[in-house]
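Chemist:
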Amino acid sequence: MTERLYYRDSFLREFEAQVVSAEAVAGKWHVQLDRTAFYPTSGGQPNDLGRLGSPAVLDVFEGDGHTVVHVTGAPVAEGPVHGAIDWERRFDHMQQHTGQHLLSAAFVELFRWPTVSFHLGREISTIDLAAPGIDVQQLEQAGRRTNQIIFQDRAVGVRFGTAQELAAAGIRKEVQREGILRAIEIEDFDRQPCGGTHVARTGQIGLVLLRKCEKVKQNWRVEFVCGERAARAARSDLATLGEAARHLSCGLAEVPAMVGRALEERQAGHRERQRLLERLAEVEAQALLATAAEAREGGKAHVLVRLFEDAGADYLRLLATKLAAVPAVQALLGTHAGGHVVFAQSAGLSVDMNALLRDCLGVAGGKGGGSKDFAQGSVRDPAALEAALKCALERLRA
Ligand SMILES: [Zn+2]
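Residues 6 to 403 in the working numbering are what the sequence shown lists, from first letter to last.
(1) Would you kindly report the start and end of the unbroken beta strand (DSSP E) that includes Val113?
(2) Is Ile189 near ligand 1 - that is, is its Cβ less than 6 angstroms away from at least one heavy atom of it?
(3) Thinking C-alpha only, which one of Asp64, Leu253, Cys218, Ala22 is nearest Gln143?
(4) Would Gly382 pass as a contact of Lys395 if the rule is Cβ separation under 7 angstroms?
(5) Once the 5 residues before and after Arg385 are set aside, which same chain residues still bring their CB inside 8 angstroms of it?
(6) Would Ser355 pass as a contact of Val334 if the rule is Cβ separation under 7 angstroms?
(7) Is Phe156 buried or exposed, if buried means 16 or more other CB atoms sit within 10 Å of its CB?
(8) Kindly list the residues whose CB is nearer than 7 angstroms to the CB of Ser47, restricted to its own chain and excluding five residues on each side of it in sequence; keep chain order.
(9) Quick one: what does DSSP say Phe229 is sitting in, helix, strand or coil?
(10) Are the CB atoms of Trp118 and Ala89 within a distance shorter than 7 angstroms?
(11) Measure how close the beta-carbons of Thr131 and Arg226 come, nearest whole angstrom, since I'm counting them as under 8 angstroms.
(12) Tell whether a beta-carbon distance below 7 angstroms holds between Arg40 and Ala22.
(13) Count the other C-beta atoms from every protein chain shown that fall within 10 angstroms of the C-beta of Asp378, then say buried if there are 16 or more, exposed otherwise.
(14) Helix, strand or coil, according to DSSP, for Val260 in the structure here?
(15) Distance check for Thr245 and Gln37, CA to CA, integer angstroms please.
(16) Assign Ile189 to one of two classes, buried (16 or more other C-beta atoms within 10 Å of its C-beta) or exposed (fewer than that).
(17) For Asp315, which residues of its own chain have a beta-carbon under 6 angstroms away from its beta-carbon, when the five flanking residues on both sides are left out?
(18) Look up Asp195 in the DSSP assignment and give the residues it is bridged to.
(19) What first and last residue would you give for the beta strand (DSSP E) that runs through Ala22?
(20) Below 8 angstroms, can you find three or more Cβ-Cβ pairs linking the region 94-113 to the region 200-210?
(21) If we define contact as Cβ-Cβ less than 7 angstroms, is Pro85 a contact residue for chain D?
(22) Whole-angstrom Cβ separation of Ala1 and Leu328, contact assumed at under 8 angstroms?
(23) Helix, strand or coil: how does DSSP classify Cys218 here?
(24) So, at 7 angstroms on beta carbons, what are the nonlocal neighbours of Val180 in its own chain, with the 5 sequence-adjacent residues on each side left out?
(25) Please identify the residue among Ala173, Leu309, His87, Leu366 whose C-alpha is closest to the C-alpha of Arg402.
(26) DSSP on Lys372, reduced to helix/strand/coil?
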């Protein structure tokens, strides 16, 4: 059993201890001490980092028989050792963890929604609430109440006792465990069994900022950040909003309206473009068909070939559809932009355009497919387009 110094003093950053055992495991060392200030991953809070002598502590976890195992990257000699924990990381964890106690208590006080799980992440932390649903106002209310308790700078104490003693004192979540338990008390607000590390006064949390809220299985997950993380999140949001405002040449408050307007304009522009393409395809189809009018009067299918420089694949499809709507027409269309091709013909003709396209694109190193009357594809090398169209024209004429 390892004596846990952080149980009574979460602010202990350095300590002296005896190395009880140190064994090599998969290229690293598992070190046990008689006493430690290092927090092992448990109860939703990640482990501490730091040093034992000069070797870095890479991980800390709960071992068998209430021990704490420190994983180091280099061997640690048995005997006395000086331990030092990475205080910036630990203090951040203390802020997030104590903030969680307050937030969970606020949700109980306001709405009677218990917290069913807690996760302290690298960037954000979350609690899962057993709630029927949460709206924006309720989220804001809980955030405000939590910050009120933070600003009142209430004392955060540690109390030890049996499950019965703690239950008699009034506790947010009852536990059935044997022996002496540890509870965290927030002056006149909350009492909760917990083995984690916490700040000494609520003011040290600084601020809580509630972020996202989403349904996860049957519970509601609330994302939150405390302390420097809250300031960092606010700074980052401001930078994002500021960048959007610069792009839109407007003030921060006008960003949503400007984005809405830009989206409307984009949709209107898209509709206008479709309308113009339609008209252009109609005009172009009529011009191409005029050149073929005589041949079609003779009762033969006429082959129309057109190679564009910069038309899009959607324009080729549009034009091909218009051409094939007229009887006795076979259209072979290509565009250097993207190397697209469309082969189409009027209904009732005997040629298989799909087979023709596959054959001629295969020769040109491209691929595609479609139906008997309408097939499309592309070649990777635009220089091969002409060869593909020539191949198709020759086969149709043969
Ligand atoms: Zn706790």
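Each residue gets a CB set at the ideal place from its N, CA and C atoms; glycine is no exception.
Modeler: With the structure as the only source:
(1) By one-based count along the sequence shown, residue 113 stands at place 108. No beta strand (DSSP E) contains Val113, which is instead part of the alpha helix (DSSP H) from 92-116.
(2) One-based indexing of the sequence shown puts residue 189 at position 184. For ligand 1, at least one heavy atom lies less than 6 angstroms from the Cβ of Ile189.
(3) Reading the sequence shown from its first residue, position 138 is the one you call residue 143. Cα-wise, what sits closest to Gln143 is Cys218.
(4) Residue 382 sits at position 377 when you count from the first residue of the sequence shown. Residue 395 sits at position 390 when you count from the first residue of the sequence shown. Not in contact: Gly382 and Lys395 (Cβ atoms no closer than 7 angstroms).
(5) What you label residue 385 is simply residue 380 of the sequence shown in a count that begins at 1. Excluding residues within five positions, the ones whose Cβ falls inside 8 angstroms are Gly344, Gly370, Gly371.
(6) On the sequence shown, position 350 is the one that residue 355 refers to. On the sequence shown, position 329 is the one that residue 334 refers to. Cβ atoms of Ser355 and Val334: not closer than 7 angstroms.
(7) Here residue 156 refers to the residue found at position 151 of the sequence shown. Exposed.
(8) Within the sequence shown, numbered from 1, the residue matching residue 47 stands at position 42. Excluding positions up to five away in sequence, the list reads Glu67, Gly200.
(9) Here residue 229 corresponds to residue number 224 of the sequence shown, with the count starting at 1. Assignment of Phe229 by DSSP, reduced to helix, strand and coil, places it in the strand class.
(10) If you number the sequence shown from 1, residue 89 lands on position 84. If you number the sequence shown from 1, residue 118 lands on position 113. Against a cut-off of 7 angstroms, the Cβ pair of Trp118 and Ala89 comes out as no contact.
(11) The residue you call residue 131 lines up with position 126 of the sequence shown. The residue you call residue 226 lines up with position 221 of the sequence shown. With 8 angstroms as the limit, Thr131 and Arg226 qualify as a contact, their Cβ atoms being about 5 angstroms apart.
(12) Stepping through the sequence shown from its first residue, residue 40 is reached at position 35. Stepping through the sequence shown from its first residue, residue 22 is reached at position 17. Taking the C-beta atoms as reference points, Ala22 is found nearer than 7 angstroms to Arg40.
(13) Stepping through the sequence shown from its first residue, residue 378 is reached at position 373. Classification of Asp378: buried, given that the 10 Å Cβ count is 16 or more.
(14) Against the sequence shown, residue 260 aligns to sequence position 255. Helix at Val260.
(15) For the purposes of this step, residue 37 is identified with residue 32 of the sequence shown, where counting begins at 1. For the purposes of this step, residue 245 is identified with residue 240 of the sequence shown, where counting begins at 1. Those two C-alpha atoms are separated by around 46 angstroms.
(16) Within the sequence shown, residue 189 is the residue found at index 184, counting from 1. That one is buried.
(17) Taking the sequence shown and counting its residues from 1, the one referred to as residue 315 is at position 310. Here the set comprises Ala342.
(18) Counting from 1 along the sequence shown, the entry for residue 195 is found at position 190. Paired residues: Ile191.
(19) Locating residue 22 in the sequence shown gives position 17, where the first residue counts as 1. Going by DSSP, Ala22 is part of the beta strand (DSSP E) stretching over 19-30.
(20) Output reads yes: the region 200-210 touches the region 94-113.
(21) The structure shown contains no chain D; it holds only a single protein chain.
(22) Here the chain covers residues 6 to 403 and nothing more, so residue 1 does not appear.
(23) As a working note, residue 218 is residue 213 in the sequence shown. In this structure, Cys218 counts as strand in the three-state DSSP scheme.
(24) Locating residue 180 in the sequence shown gives position 175, counting from the first residue. Cβ-Cβ distances below 7 angstroms link Val180 to Ala168, Leu186, Pro198 in the same chain, with the five nearest sequence neighbours on each side left out; the list follows chain order.
(25) Numbered from its first residue, the sequence shown carries residue 402 at position 397. Checking every option, the nearest Cα to that of Arg402 belongs to Leu309.
(26) Taking the first residue of the sequence shown as 1, we reach residue 372 at position 367. Note: Lys372 maps to strand in three-state DSSP.
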